[in-house]
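A quick write-up on the structure given underneath.
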Amino acid sequence: EVFDVDRGGDVTYHGPGQLVGYPIIRLVDFREDLGWYMRAIEELIIRTLRDFDVDGTRKEGMSGVWCADKKVCAIGVRASRWVTMHGFAFNITTDLDRFEAIVPCGITDYAVTSIEQQASARHSLEDVALKVASHWDAVFTP
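Mind the numbering: the sequence shown is residues 1 to 142 in our numbering, read in order.
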């Protein structure tokens, strides 16, 4: 099923095995800067990947978090009166074949990946969610 939403980014997929986070944050309490907010979400995911011995990086000119040339976390946000909506989709144990029916984020040159593909051991969605939460305050403290 396809839903049209008003946020940054292009077509994406949400499904089992993903940690999907749609934080609602008053950016006036931090910085009135949507770019800053997106970089902060990327930092949150990069720190989490480090906990699982996975090297997550940013890719110049593109949003999201990458493992080499494969996207592991997509970000699509918008704000109204500096209150955020939408957020991120972090592939943990995602069936990556589901992405074959779309052009993820409108990007044709790169594939998607998951922690399951990148890490040396399998990690549950719950374990990853707890790690994301453990980094929240360090990244999002006004």
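C-beta atoms are modelled at their ideal positions from N, C-alpha and C, and glycine is treated no differently.
**Contact the stretch 107-119 vs the stretch 35-42: 3+ CB pairs below 8 Å** = Segments in contact, no.
**Request:** Can you tell me which of 130, 84 and 69 puts its alpha carbon nearest to the alpha carbon of residue 34?
**Result:** Here residue 34 is taken as the residue at index 34 of the sequence shown, counted from 1. Taking each of 130, 84 and 69 in turn and checking the Cα distance to residue 34, the smallest one comes out for 84.
**Request:** Look up residue 78 in the DSSP assignment and say whether it is helix, strand or coil.
**Result:** On the sequence shown, position 78 is the one that residue 78 refers to. In the structure shown, residue 78 adopts extended strand secondary structure according to DSSP, grouped into three states.
**Item:** Whether residue 72 touches residue 114 by CB criterion (8 Å)
**Value:** Position 72 of the sequence shown, counted from the first residue, corresponds to residue 72. Position 114 of the sequence shown, counted from the first residue, corresponds to residue 114. Result yes, Cβ atoms of residue 72 and residue 114 sit closer than 8 Å.
**Item:** First through last residue of the alpha helix (DSSP H) which encompasses residue 47
**Value:** Here residue 47 is taken as the residue at index 47 of the sequence shown, counted from 1. Its alpha helix (DSSP H) spans residues 34-51.
**Request:** For residue 32, count neighbouring C-beta atoms within 10 Å of its own C-beta (all shown protein chains included) and say buried if the count is 16 or more, exposed if not.
**Result:** Numbered from its first residue, the sequence shown carries residue 32 at position 32. Burial check for residue 32: the Cβ neighbour count within 10 Å stays below 16, so the residue is exposed.
**Message:** Quick check: is the beta carbon of residue 26 nearer than 8 Å to any beta carbon in chain C?
**Reply:** Of the protein chains in the structure, only one exists, and it is not chain C.
**Prompt:** How long is the line joining the alpha carbons of residue 17 and residue 112, rounded to whole angstroms?
**Reply:** Position 17 of the sequence shown, counting from 1, holds the residue named residue 17. Position 112 of the sequence shown, counting from 1, holds the residue named residue 112. Cα to Cα, residue 17 sits roughly 14 Å from residue 112.
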